[in-house]
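Residue numbers (my numbering): 2 to 293.
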C-alpha cells in the first residue's frame with residue numbers, strides 16, 4: 002500500500018509535547034480475493050498525532066470526520082456516544098427528552114443547531130431510499146473501516162443516508178436483535194467506533210432484517226428492485242450470505258450495485274454471478290424498520 006498526503010494542517014498541542022497532522026490521504030493498494038488481484042484507490046481525511054521526542058512517534062490515527070463529528074441536538078446523542086466522563090442517570094433525566102443547546106452535562110461536548118421538534122423527529126425516523134442510494138454513490142470509494150467492509154458500508158448507507166435508527170445501541174453485539182454503531186472517546190486514544198455483528202457481517206444483517214423489517218423480500222427479482230434496496234450475495238450458493246451492496250441504479254429491468262470490499266460504483270448485478278462466482282445466489286431486500 003502507498004499513501005499520498007495533501008492539504009496537510011499541523012495542529013501543535015498546548016503543552017508542546019505532541020502535534021496532530023490533519024491531511025487528505027490517498028491510499029493505493031491491491032486486493033486479492035482468491036481469484037484475481039484488483040488495484041484500488043481511496044481518499045479520506047485522517048488525523049495523525051505524534052509525540053515530539055528525539056524521533057517523532059505516532060501515537061494514534063483517527064478518522065478526521067469521526068473525530069470532528071457533530072452530535073445531534075437531541076437525546077440520541079447519549080445512546081450514540083460513550084465518554085470517559087460518564088453522564089449520571091440524574092443528569093440524563095434532568096436533560097428531558099431533548100437536550101438544550103450548549104454543553105451535555107459533565108462531558109463538555111458542545112452541541113450545535115436547534116433542538117429537534119416532534120415533527121423533525123418523525124421525519125428523521127422515515128427511511129429515505131433516495132438518501133441510501135445517494136450516500137452509497139457519494140462514498141463508494143471511501144476508506145474501509147474493517148477488513149471486509151461491505152456490510153459496514155450498507156449499514157452506514159441505511160443509517161447516514163436513509164436515516165434508519167439504530168436498535169439496541171451498546172447492547173449484546175452478537176445478538177441478531179440489535180443493530181448499532183457506537184462512537185467512543187477518551188483523552189488517550191481519541192475517537193473510535195464499536196459495532197454489532199449485524200452492522201458488519203452480511204449473514205447476520207440478513208437475519209436481523211428477517212426479524213425486524215416489514216419491507217419486501219424481492220429475492221432475485223431485479224425488475225422489481227428500486228434504488229436504496231439492499232442486495233446480499235451467497236457465493237456459490239452454499240446457504241450463507243457473504244457479501245452486501247446497495248442498489249443504486251435500475252435500468253431496463255436490470256439492477257446495478259454500489260459496494261465495498263472491491264469498491265464498486267453502479268456495477269451490473271449480473272456481473273457478480275459470472276466467472277469464479279458462477280452458481281451464486283442473491284436476495285434483494287427493501288428494508289422497512291419495525292422497531293420505531
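For every residue, glycine included, the Cβ atom is placed at its ideal position computed from N, Cα and C. This one's a predicted model, so the numbers in the text were calculated from it and none came from an experiment.
Spatial distance of residue i from residue j (CA atoms)
i	j	result
residue 149	residue 262	6 Å
residue 183	residue 26	24 Å
residue 245	residue 153	9 Å
residue 234	residue 283	4 Å
residue 51	residue 195	24 Å
residue 24	residue 8	5 Å
residue 260	residue 165	19 Å
residue 228	residue 287	9 Å
residue 293	residue 128	11 Å
residue 144	residue 265	13 Å
Cβ-Cβ distance between residue i and residue j below 7 Å
i	j	result
residue 167	residue 190	no
residue 221	residue 198	no
residue 209	residue 177	yes
residue 158	residue 136	yes
residue 298	residue 230	Residue 298 lies beyond the residue range present for the chain, which begins at 2 and ends at 293; the question has no answer from this structure.
residue 179	residue 169	yes
Member of the options whose CA lies at the smallest distance from the CA of residue i
i	options	result
residue 18	7, 46, 162 and 59	59
residue 285	12, 223 and 237	223
residue 56	47, 48, 20 and 268	20
residue 269	255, 280 and 282	255
residue 188	61, 139, 162 and 23	61
residue 49	192, 291, 134 and 235	192
residue 241	275, 5 and 281	281
residue 146	228, 171, 186 and 201	201
residue 3	28, 291 and 239	28
residue 53	45, 46 and 11	11
DSSP state of residue i mapped onto helix, strand, coil
i	result
residue 196	strand
residue 240	coil
residue 223	helix
residue 138	helix
residue 213	helix
residue 1	Any question about residue 1 goes unanswered here, given that the chain covers just 2 to 293.
residue 205	helix
residue 284	strand
residue 128	coil
residue 276	helix
Span of the beta strand (DSSP E), counted from its first residue to its last, around residue i
i	result
residue 143	Here residue 143 belongs to no beta strand (DSSP E), and DSSP marks it neither H nor E.
residue 187	182-187
residue 168	That residue, residue 168, is in no beta strand (DSSP E); it is neither H nor E in DSSP.
residue 8	3-13
Endpoints, alpha helix (DSSP H) assigned at residue i
i	result
residue 156	151-157
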